[in-house]
Amino acid sequence: MVSKKILKNKIKQAFPFLTPAYRFLKYGVRIMRWVPTYDEDDLITNHLCDFLEDDRFIKSLATTEKEGHLQLGYVVRWRLYTACWAADHAKNLDGDFVECGVAYGATSRMIMEYIGFKNISKKFYLLDTYEGLDERYLSQDERLRLVEYKKTGSYPYTSAMYPFVKKAFGSFPNVTIVKGAVPETLGQVKSEKIAYLHIDMNCTVPEIAAAEYFWPKMVKGAVMLLDDYGFAREQHDAFDKFAKERSIGILSLPTGQGLMIKP
Ligand SMILES: C[S@@+](CC[C@H](N)C(=O)[O-])C[C@H]1O[C@@H](n2cnc3c(N)ncnc32)[C@H](O)[C@@H]1O
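Remember, our numbering sits 166 above the position in the sequence shown when you count from 1.
Next comes the structure, spelled out in structure tokens:
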């Protein structure tokens, strides 16, 4: 007696052209019947996502939006929520916060509000060129992507970011804005203990340089959140190598983020 699974595989092998139609029927019907709880940022699911109803999350997002940090015209709430979770965890550890790749400060402002960063005795370092990618560090693929971005006008990271961020975070006594290219600016982070590191520069060389620089300074339990992990093969594989060399794993999240905890 041939099992259903084996039979299915045999049919698939014999009639490969039927696979897309089968998928369409299977998932198309399911999707039509679905009432998604989340459909944003290339992520669609009907899993429970109570954070969307959470007061603290809603208020933090409202503040971030009201202050003009959400400049990209779309929201990535699950990614923001992951960062909030990571910050909430890290606030109880000894050590400061760092973000490499800040842009208009959406994620940073969000987590500051979420954990009440103003009243926490920690520093938050915000590193960015505040002028977009530094072309010296681009790989061939990243260079091609940049050409594409320029052609379609879809790279919104311009010199308008710096005055915005300076003004927006000016009232935070414990925030330090570091302008310039990573890795050159890493030494300006005057902290020997790091509890939270968010890396989001869309470029492998500075991202790995930041991870290598901060890893020895990260305290036990510190979080390293990678925004680009599931979005670009090159960054993904470079971080897998980084993690393997340190005998740890990266939690690959359905949002596209990667998460590492310092053992
Ligand atoms: C995707 S955006 C960051 C988004 C941000 N994390 C947020 O929450 O909205 C990427 C940023 O990385 C910055 N960047 C790219 N290469 C850099 C480098 N080598 N050094 C510092 N910043 C860099 C760009 O200027 C841009 O602002």
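Ideal Cβ placement from N, Cα and C applies to all residues, glycine included. Note that the coordinates shown come from a computational prediction; the quantities given were computed from them, not determined experimentally.
message = Given a cut-off of 9 Å on the beta-carbon distance, is the pair K428 and A375 in contact?
response = No, the Cβ-Cβ distance between K428 and A375 is not below 9 Å.
request  = Flag this pair as yes or no: are the beta carbons of I286 and D254 separated by less than 9 Å?
outcome  = In this structure, D254 does not lie closer than 9 Å to I286 by Cβ.
query = Between G271 and V331, which are expected to be in contact by the criterion C-beta below 8 Å, what is the C-beta distance as a whole number of angstroms?
reply = The beta carbons of G271 and V331 sit about 5 Å from each other, so the pair counts as a contact at 8 Å.
query = Less than 8 Å between the CB of G267 and some heavy atom of ligand 1, yes or no?
reply = Checking the 8 Å criterion, the Cβ of G267 is within range of a heavy atom belonging to ligand 1.
A180, enclosing alpha helix (DSSP H) - first and last residue = Looking at the DSSP string, the run of the alpha helix (DSSP H) that includes A180 is 170 to 180.
request  = Starting from G194, follow the alpha helix (DSSP H) in both directions and report where the run begins and ends.
outcome  = Element bounds for G194: 184 to 199.
task = Use the C-beta contact count for V348: other C-beta atoms within 10 angstroms, 16 or more gives buried, fewer gives exposed.
result = Per the 10 Å Cβ criterion, buried.
key: Residue environment, G319, which counts as buried when at least 16 other CB atoms sit within 10 Å   = G319 comes out exposed.
key: Strand pairing of I343, partner residues [DSSP]   = Secondary-structure assignment with DSSP links I343 through a beta bridge to L292.
Entirely enclosed beta strand (DSSP E) segments - the segment 246 to 315, minimum 3 residues = Within the segment 246 to 315, the complete beta strand (DSSP E) runs of at least 3 residues are 262 to 266, 290 to 294.
ask   = Is the Cβ of V389 closer than 9 Å to any Cβ of chain B?
value = In the structure shown, chain B cannot be found, because there is only a single protein chain.
request  = For T203, name the three-state secondary structure that DSSP assigns.
outcome  = In the displayed model, T203 falls within coil according to three-state DSSP, outside both helix and strand.
message = Is any non-hydrogen atom of ligand 1 found closer than 8 Å to the C-beta of T295, if you look at the structure I gave you?
response = Under cutoff, so the answer is yes.
Cβ neighbour criterion (16 or more within 10 Å) applied to W200 = Flag for W200 reads exposed.
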